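First up is the structure itself, then whatever we jot down about it.
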Amino acid sequence: MAEDKIAYKNILAPIDGSKISSVIIEKAAAVAVRNQTALDLLYVIDTNSISGLAGMSISGDVVYQLVQDAEEKLTKYAQIARDNGAEQVNIHVRFGSPKTVIARDFPRDHDTGLIMLGKSGLNALERILVGSVTSFVVQNAKTDVLIVQ
214 MAEDKIAYKN ILAPIDGSKI SSVIIEKAAA VAVRNQTALD LLYVIDTNSI
264 SGLAGMSISG DVVYQLVQDA EEKLTKYAQI ARDNGAEQVN IHVRFGSPKT
314 VIARDFPRDH DTGLIMLGKS GLNALERILV GSVTSFVVQN AKTDVLIVQ
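Residue numbering for the sequence shown follows this note's numbering, beginning at 214 and increasing consecutively.
Take a look at the structure:
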C-alpha cells in the first residue's frame, strides 16, 4: 500500500485543559508532522452545562469570558504544538455537546482523518451519569480515533 494512501489528513485534537491535554498536543503534533498535515485544536464549550444553571440564563459577559478562556488555553496549546514541529496549527472554539461536536460535526466540517483524544477524565460515577465523551467518540466517529493515555 502506498504511504500517501495511509497518511492522515487533518488531525483533530480536542482539549479541555485537563492534565492530559499537553500530552495529547505533543503526540498529535508528532503525528501531524509525520503526516505533513494540519492539526486542529478544538475546545468545546458544553451548552448543556452552561445553559441554565438552575434554569437561569447566562449573560453575554459570561459567554464572552468562556470564549476568551477557551481561546487563551488553545493559544497556549498551539504554541506547544508548534514547538513540537507542527507547522499548520488551527484553533477552534465551538458551542454544543462535546460528544457530538467531536465525533460528528467538526470532523464533517473540516475533513478530519484522525481524532486524538484523552482517556476519560471522569470518575466512574460521572461516567455512569454523564457518559464518557471518549467512549461516545470511539463508538460514533466516522474517522479513526486514537486514545492518548
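We treat Cβ as the ideally placed atom computed from N, Cα and C, and that holds for glycine.
Predicted model, so just to flag it, every value in this text is computed and none were measured.
Am I right that F349 and K312 are in contact with their C-beta atoms under 8 Å? What's the rounded C-beta distance? The C-beta distance from F349 to K312 rounds to 4 Å, short enough to fall under 8 Å.
Residue range of the alpha helix (DSSP H) that N297 falls in? Counting along the chain, N297 falls outside any alpha helix (DSSP H), and DSSP gives it neither H nor E.
Best match in T347, I304, K332 for proximity to I224 [C-alpha to C-alpha]: Out of T347, I304, K332, the CA that lies nearest to the CA of I224 is found in I304.
Going by the CB atoms, is the gap between V306 and I258 shorter than 8 Å? Taking 8 Å as the Cβ cut-off, I258 and V306 qualify as a contacting pair.
Going straight from the alpha carbon of S310 to that of I219, what length do you get? Rounded to whole angstroms, S310 to I219 spans 30 Å at the Cα level.
Is the separation between the beta-carbon of V361 and that of V244 shorter than 8 Å? Not closer than 8 Å, so no.
Cα separation between V343 and G273? Residue confidence is low: V343 scores 48 on pLDDT, short of 50, so the model does not pin down where it sits. Its coordinate-derived value is still stated next. Computed Cα separation, rounded: 26 Å.
Hey, would you say I238 sits closer than 8 Å to A294, going by beta carbons? Taking a C-beta distance under 8 Å as the contact criterion, I238 and A294 qualify as a contact pair.
Between F308 and the rest of its own chain, which residues show a CB-CB distance below 7 Å, the 5 nearest in sequence each way excluded? Taken in chain order, the residues that qualify are I258, T260.
With 16 other Cβ atoms within 10 Å as the buried cut-off, status of V276: Classification for V276: exposed.
Spatially closest choice to L330 from Y221, I228, K222, by CA coordinates: The option with the nearest alpha carbon to L330 is I228.
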